[in-house]
Amino acid sequence: MGILFASVLGTVVLLRQTRDERSARPEPEDVALPVRRYALVVLPVALLTGLYVIAHGQLSPGGGFQGGVIAATALHLLYLGADYRALERIRPVGLYEIGDALGACAYLVLGLTGVVAGTSFLANTLLPYGTFNTLSSGGTVPLLNAAIGVEVACAVVVLLARFLDQAVEIEEGSGK
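Counted from 1, the sequence shown has number 87 at position 79 by my numbering; the numbering is strictly sequential.
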């Protein structure tokens, strides 16, 4: 998770708008009707799948990282199904940057509760283990999956936002 956080931070710094670049409003691209419909139908299904993978990470393969990536890429199906402006409306990058930081902080706080309780980092000291094969059976693992899912989803949204901004919006000052 720390590697993803550092790589997103580096990408944001490297792909920031420079003085000789200006932002241009992108024109909506013509997308084939079947692609548009498919993307808009799959978007809520993919988003729910990402949330499901995050919530059930302690019971099945998957977890916060995989579910976060699924949820973040699901949001970007709107770019295929509608246009860049529609994606911008549901993707205020500043809020996702805050969510990225809050997810990382939540992970650290959950990890440090074990240290404060006198055990090791990420030790299960907050919640009981629960009943086998139920959602509550993982102790603090569901909370960790939620923190990781928020951090990864927000980080991937910020990462894709910077790449899309470079590809769609930014023009060279000497160009157009």
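Don't be surprised by glycine CBs; every beta carbon is placed ideally from N, CA and C.
When the alpha-carbon of A131 is set against those of Y137, G138, V123, the nearest one is in V123.
The closest CA to that of A14, considering only D173, V164, Q174, is found on V164. The Cβ neighbour count for L143, taken over all protein chains shown within 10 Å, is under 16; the residue is labelled exposed. Contact annotation: L88 and V39 have beta-carbon atoms nearer than 8 Å.
In chain order, Q66 place their CB closer than 6 Å to the CB of G146, counting only its own chain and leaving out the 5 sequence neighbours on each side.
By the Cβ rule, the segment 153-163 counts as touching the segment 103-117, because three or more pairs are nearer than 8 Å. Put simply, the backbone Cα of V77 is about 32 Å away from that of A125.
Counting other Cβ atoms within 10 Å of its Cβ, L41 stays below 16 and is therefore classed as exposed. When the beta-carbon positions are compared, V16 and V176 stay at least 8 Å from each other. In the three-state reduction of the DSSP assignment, D108 falls in the helix class, which pools H, G and I. N153 has its alpha-carbon roughly 31 Å from the corresponding atom of Q174. Annotation for P150: A63, G65, Q66, L143, S144 place their beta carbon closer than 8 Å to its own, counting only its chain and skipping 5 residues before and after.
When C-alpha distances from G70 are compared across T133, D108, T57, the shortest belongs to T57. As the crow flies, the alpha-carbon of L83 is around 22 Å from that of R24. Rounded to whole angstroms, the separation of the alpha carbons of V43 and A90 is 10 Å. 8 Å or more divides the Cβ of L135 from the Cβ of T127.
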